[in-house]
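Take 182 as the starting number for the sequence shown in the working numbering and just add one per residue.
So the structure is just underneath, and the comments pick up after that.
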Amino acid sequence: MDRIRIVGGRPLSGTIPISGAKNATLPLMVASLLTEDMLVLDNVPHMTDVVQLQRILGNHGVDVMVNGKRPGDRENQGQTLKLSAARIVDTTAPYELVSKMRASFWVIGPLLARTGEAKVSMPGGCAIGTRPVDLLIMALERLGASIEVDAGYVIARAPKGLRGGEIRFPKVTVGGTHTALMAASLADGATLIENAAREPEVVDLADCLNKMGARITGAGTSRIEVTGVRRLGGARHSVLPDRIETGTYAMAVAMAGGDVLLEGARPELLEAALDVMAQAGVGITATNAGVRVTRNGAGLAPVEVSTAPFPGFPTDLQAQLMALMCCARGTSHITETIFDNRFMHVQELVRLGARIHLDGETAAIEGVDRLRGAPVMATDLRASVSLVIAALAAEGETMVNRVYHLDRGFERLEEKLGRCGAQIERISG
């Protein structure tokens, strides 16, 4: 099992290209099930979750062709996927595939909309709380589907097709909004989605679906209207840059010190996070090429943050911010409002010398003068990269174990940091 070895204390300087967003790529890949024509996705990141979803889609009959970078392409341009679901050969998504990644459950919407049936295993693939799928099921029922759960599988049927309806989510759900958008695109009539997720990845999916012939308005607001069409066609779409990767590397620079351009980053996708970093004393400058992050050795100020759905501070940057605040001059408070059980990184940060106290969903982080390297264990995707951030400023060597979590969401992390001066290496086996 791979590990990452980091020797801290070296500032970062240079350019880090920002990859396409994993959280946008996955629903876009699932949308290929909605059409018999080819969907071409550009700027797709090289990540294990993307490869796993290719396997899952292949099980349903989707042919996937992958093109890498060509001579003359910019380094931060990802791969191109060509997905063709000319014929759905299987409407069952089995446990052995779905259990490895939650996002694979989203195939239920397109399969149901296009074929009138779907049998999808209850998902796994994530250690963060329960993250139930009840809101996704509710959305499909509002569109006329009959749903039953049997032996760990959700069995959905709509033999006469889906019909438009009103979906009002009791709480914001990105997965539920993705599912509702895809299913409603082929439903008969109009659908109104209330309390919809406003995340940029939802907007990216809606933009792609509209290119395919869907009729969606209001994406990016809490009220989305979808007028169903009889069929969707092919399209070409470029995945938006990863705002979580952007925030992660921005915090890495803030932790280690230095001056780095996050090439291709779009600051409007994570204004809340960048505002918090500016409050902490980090230099944040938007440029035509991306976002420049600087810290010249000045101390970090503590912050008070609560995670919230977009446009609030993202839960997927909570662990990274906590690592950064371990060295602030004062006590910070971070409240997690989205997921339960998302403080698993705390005990590993404490191994590096952090002072963190938990009170329910709030963590109090008392800044220390220095962290010291130690062996640590990654527990989930975002927690694992928080340990990397802390290690960049720790004295001595830190060994991060179980880094397969990192590979689910970060493309060439050790290479990107290493080219900016970090002493970091992957150790295989």
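In this text, a Cβ means the ideal position worked out from N, Cα and C, and glycines have one as well.
Restricting to Cα atoms, I'd like to know which of the options is closest to residue i.
| i | options | result |
| --- | --- | --- |
| residue 284 | 557, 589, 481 and 468 | 589 |
| residue 507 | 344, 367 and 432 | 432 |
| residue 605 | 591, 376, 579 and 298 | 579 |
| residue 447 | 362, 316, 473 and 599 | 473 |
| residue 193 | 586, 434, 356 and 186 | 434 |
| residue 359 | 318, 337 and 340 | 318 |
| residue 222 | 464, 389 and 400 | 389 |
| residue 383 | 369, 371, 402 and 525 | 402 |
| residue 560 | 586, 275, 241 and 276 | 586 |
| residue 182 | 486, 558 and 598 | 558 |
| residue 692 | 545, 340 and 281 | The structure shown has nothing for residue 692, since the chain only spans 182 to 610. |
| residue 342 | 331, 325 and 442 | 325 |
| residue 470 | 407, 513, 422 and 516 | 422 |
| residue 329 | 300, 355 and 539 | 300 |
| residue 440 | 375, 465, 449 and 460 | 465 |
| residue 130 | 264, 541 and 331 | Nothing can be reported for residue 130: it is not among the residues displayed for the chain, which extend from 182 to 610. |
| residue 488 | 514, 510 and 205 | 514 |
| residue 416 | 233, 391 and 235 | 391 |
| residue 212 | 593, 290 and 190 | 290 |
| residue 528 | 597, 556, 399 and 412 | 556 |
Helix, strand or coil for residue i? Go by DSSP, reduced to three states.
| i | result |
| --- | --- |
| residue 283 | helix |
| residue 516 | strand |
| residue 531 | helix |
| residue 269 | coil |
| residue 610 | coil |
| residue 558 | strand |
| residue 590 | helix |
| residue 182 | coil |
| residue 582 | strand |
| residue 427 | helix |
| residue 216 | coil |
| residue 464 | strand |
| residue 553 | strand |
| residue 309 | Its pLDDT being 34, under 50, residue 309 is placed unreliably in this model, and the value from its coordinates should be taken loosely. Residue 309 falls in the coil class under three-state DSSP. |
| residue 326 | coil |
| residue 242 | coil |
| residue 525 | coil |
Just list the residues that DSSP pairs residue i with in beta bridges.
| i | result |
| --- | --- |
| residue 442 | 196 and 473 |
| residue 418 | 222 |
| residue 248 | 261 |
| residue 605 | 187 |
| residue 544 | 515 and 539 |
| residue 236 | DSSP lists no partner for residue 236. |
| residue 331 | 334 |
| residue 211 | In DSSP, residue 211 forms no bridge with anything. |
| residue 274 | 301 |
| residue 691 | Residue 691 lies beyond the stretch modelled for the chain, which goes from 182 to 610, so this question has no answer here. |
| residue 576 | 553 |
Grab me the residues of residue i's own chain with a C-beta within less than 7 Å of its C-beta, minus the 5 sequence neighbours each way, in chain order.
| i | result |
| --- | --- |
| residue 553 | 533, 534, 575, 576 and 577 |
| residue 357 | 316, 317, 320 and 350 |
| residue 600 | 195 |
| residue 295 | 214, 215, 269 and 367 |
| residue 414 | 216, 218, 393 and 394 |
| residue 247 | 260 and 262 |
| residue 184 | 580, 581, 582, 584 and 608 |
Only counting the same chain, and skipping five residues up and downstream in sequence, which positions put a Cβ closer than 8 Å to that of residue i?
| i | result |
| --- | --- |
| residue 478 | 438 |
| residue 462 | 476, 479, 480, 481 and 482 |
| residue 410 | 366, 367, 394, 395 and 396 |
| residue 241 | 214, 266, 269, 270, 271, 272, 274, 288 and 292 |
| residue 509 | 461, 480, 481, 482, 483, 484, 546 and 548 |
Leaving out five residues before and five after residue i in sequence, what residues of the same chain have Cβ atoms less than 6 Å from its Cβ?
| i | result |
| --- | --- |
| residue 347 | 373 |
| residue 621 | As shown, the chain starts at 182 and ends at 610. That puts residue 621 outside it, with no answer to give. |
| residue 307 | Summary for residue 307: the model assigns pLDDT 43, below 50, so the residue's position carries little reliability; its value from the coordinates is reported in the next sentence. For residue 307, where only same-chain residues beyond five positions count, the Cβ hits under 6 Å are 283. |
| residue 436 | 505, 570, 573 and 574 |
| residue 188 | 578 and 604 |
| residue 201 | 224, 225, 226, 259 and 420 |
| residue 304 | 279, 283 and 286 |
| residue 327 | 338 |
| residue 491 | 379 and 380 |
| residue 525 | 560 and 564 |
| residue 237 | 278 and 285 |
| residue 412 | none |
Check whether chain C comes within 8 Å of residue i, counting only Cβ atoms and requiring the distance to be less than that.
| i | result |
| --- | --- |
| residue 473 | Annotation note: the requested chain C is absent from the structure, which comprises a single protein chain. |
Can you give, in chain order, each stretch of the alpha helix (DSSP H) that sits fully within the region 333–411 and has at least 4 residues? Counting only runs of 4 or more, we get 355–366 and 381–392.
Where are the alpha helix (DSSP H) runs, 4 residues long or more, that stay fully inside the region 478–508, in chain order? Counting whole runs of 4 or more residues, the region 478–508 contains the alpha helix (DSSP H) stretches 499–506.
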